[in-house]
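The structure appears below as structure tokens.
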Amino acid sequence: MEEELMPNDDPLAHTTQRWPVLAFGLLGLVALSGALTFMQAIDGPASLRAWQIFLVNFLFWTGISQAGVVFSAVLYVTGAQWGKPIRRIAEGMVAFLPLSVLLFPLLVWGLDVLFPWVHGAPGALHGAIAEERALWLHAPFHVARDGIALLLLAGLSLVFVYHSLAGRERTSRILSPILLILYAVVYTLLAFDLVMALDSQWISTLFGGYFFIGNFYAGLAAIAIATVLMRRCLHLEERMTLSLCHDLGKLIFGFSLLSFYLFWSQYLTIWYGNLPEETEYIIVRVKEPPWVYLSWAVLLLAWAIPFLVLLSRNTKRNPLVLSCISGLVVIGMWLERYVLVVPSLWHAEGLPLGWIEPSITLSFLAAMLLMYLGFWRVLSRPPPGIARHP
């Protein structure tokens, strides 16, 4: 029966019993420290640095959180059985989405820093493309559509995960394609409004697909890391087999190719078209220091190294290698989001790097881990009606 609870001997149902309470306290302290750093920085001369690193981390961690739910929805749509042992690992990432929805209004506070055109600043919107986008970039409409879209997707994700946890597979299968379509639409919208709009002159019709595929790629890597850690720490080798690691490795390998293909499709089109309003965005990132060095780091960490290492079947089946490569992918995709956002805002010399950037980044990481561990704590004492797959 779909309402039947799982027996209490399920190791995944009791993961938090092996995690000391001290870990929650330390994560909370790191998150609070970063939040205080952010609040202090936005009222001082480092306001731009604080807001731009906040936006980078908001996009990255919200994307990873959403990717976990999308992964589960893909398993339902395709009827894939291999991923059942790690479905809950992926779904646990939904725990960060409510916090993400609460953090979104903070971006409204920083609109005049991140988007100087919102108050009609003289010269903020210039050029034919910017003038054509003036109505679309109108501040109230800009904020309202993104907030509503994010809220709708987060709400549907929570409903989907609830039904999945309750074992209602029929309902989950019905919700899955709706969730996948809404994910593509919402993250295309966020890509246009929160990344592309930072440079009011730049436009790319391929950017939305590139952005949400990149989210999913980073999410797959995060799922692989969590899977290997749980497999090792909780002695779940019989459940999370080497074949499962192999399947995850194949997915990561495939999406490294797909995400790079989408990047190359954009790059080649812009290079061949040679239009000034398009090429300037690329030239800044691939020709001018310090951004060119970060772009090469992204190329190596997110695409070249995963592709070369995961070519071999043996490396895909090796949990240690898989987790290390997944870690490189997560770092590489974070840098990729950084390269997409920061060069559009930072026009001073050198790389904006000090205590503010790592502090705020670590606070997002700590908040993500805190919410994720909280999910497992709740799951270890499920409310009535919640079931889990063995």
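For the sequence shown, the working numbering gives the first residue as 1, with consecutive numbering after it.
From the three backbone atoms N, C-alpha and C, an ideal C-beta is built for every residue, glycine too.
- Item | Residues near threonine 171 by beta carbon distance below 8 angstroms, same chain, minus five either side | Excluding its 5 nearest sequence neighbours in each direction, threonine 171 has C-beta neighbours in its own chain below 8 angstroms: His163, listed in chain order.
- Identify, in the order they occur along the chain, each residue of the same chain with its Cβ nearer than 6 angstroms to the Cβ of leucine 179, setting aside the five sequence neighbours on each side. Ala73, Leu156, Phe160
- Which residues in the same chain have their Cβ closer than 7 angstroms to the Cβ of valine 298, if we skip the five residues on either side of it in sequence? Gly332, Leu335, Glu336, Val339
- Message: Are there any heavy atoms of the ligand SAM lying less than 6 angstroms away from the beta-carbon of valine 159, as far as the coordinates show?
- Response: This structure lacks the ligand SAM, and indeed carries no ligand of any kind.
- Query: Does the distance from the C-beta atom of methionine 371 to that of phenylalanine 58 stay below 7 angstroms?
  - Reply: Judged by beta-carbon spacing, phenylalanine 58 lies beyond the 7 angstroms limit of methionine 371, meaning their Cβ atoms are not closer than that value.
- Where the alpha helix (DSSP H) containing alanine 224 begins and where it ends: 207-233
- Query: Does DSSP put glutamate 91 in a helix, in a strand, or in coil?
  - Reply: helix
- Near arginine 173, what residues of its chain come up, given a Cβ to Cβ distance below 7 angstroms and the 5 sequence neighbours on each side ignored? Tyr76
- Could you tell me the distance, in whole angstroms, from the CA atom of leucine 220 to the CA atom of valine 330? 9 angstroms
- Message: Please state whether the Cβ-Cβ distance between isoleucine 356 and glycine 34 is less than 7 angstroms.
- Response: Not closer than 7 angstroms, so no.
- Any chance you could list the beta strand (DSSP E) runs of at least 3 consecutive residues sitting entirely within the stretch 280-365, in chain order? none
- Item | Secondary structure of methionine 240, DSSP reduced to three states | coil
- Message: For phenylalanine 212 and valine 21, what's the separation of their Cα atoms in angstroms?
- Response: 35 angstroms
- Message: In this structure, how does DSSP classify proline 116 when only helix, strand and coil are distinguished?
- Response: helix
- Short check: CB of arginine 317 to CB of histidine 246, under 7 angstroms? Arginine 317 places its beta carbon less than 7 angstroms from that of histidine 246.
- Message: Within a Cβ cutoff of 7 angstroms, which residues of the same chain sit near alanine 121, ignoring the five residues on either side of it in sequence?
- Response: Because the pLDDT at alanine 121 is just 47, under 50, the model does not fix this residue reliably, and the point stays unresolved.
- Item | Contact between the stretch 301-315 and the stretch 236-253 (3+ Cβ pairs under 8 angstroms) | yes
- Message: Spatial neighbours of alanine 366 within its chain, please: C-beta separation below 6 angstroms, excluding the five flanking residues on both sides.
- Response: Excluding positions up to five away in sequence, the list reads Leu27, Val30, Ala31.
- Item | Cβ-Cβ separation, alanine 46 to phenylalanine 418 (assumed contact under 8 angstroms), whole Å | The structure shown does not extend to residue 418, since the chain is modelled only from 1 to 390, so the question has no answer here.
- Message: Quick check: leucine 153 and alanine 197, are their CB atoms within less than 7 angstroms of each other?
- Response: Against a cut-off of 7 angstroms, the Cβ pair of alanine 197 and leucine 153 comes out as no contact.
- Assigned exposure category for glutamine 40 - 16 Cβ within 10 Å defines buried: exposed
- Is DSSP giving tryptophan 82 helix, strand or coil here? Tryptophan 82 sits in coil when the DSSP states are folded into three classes, being neither helix nor strand.
- Can you tell me whether DSSP reads serine 164 as helix, strand or coil? helix
- Enumerate in chain order the residues of its own chain whose CB-to-CB distance from tyrosine 183 is below 7 angstroms, with the five nearest sequence positions on each side excluded. Gln66, Val70, Leu153, Phe212, listed in sequence order.
- Query: What did DSSP end up calling proline 98 once you bin it into helix, strand or coil?
  - Reply: It is helical.
- Query: If you drop the 5 nearest sequence neighbours on each side, which residues of the same chain put their C-beta closer than 6 angstroms to that of isoleucine 282?
  - Reply: Ile270
- Item | Pairwise C-alpha distance: phenylalanine 260 and isoleucine 64 | 18 angstroms
- Item | Nearest-angstrom Cα separation, counted from valine 195 out to asparagine 215 | 14 angstroms
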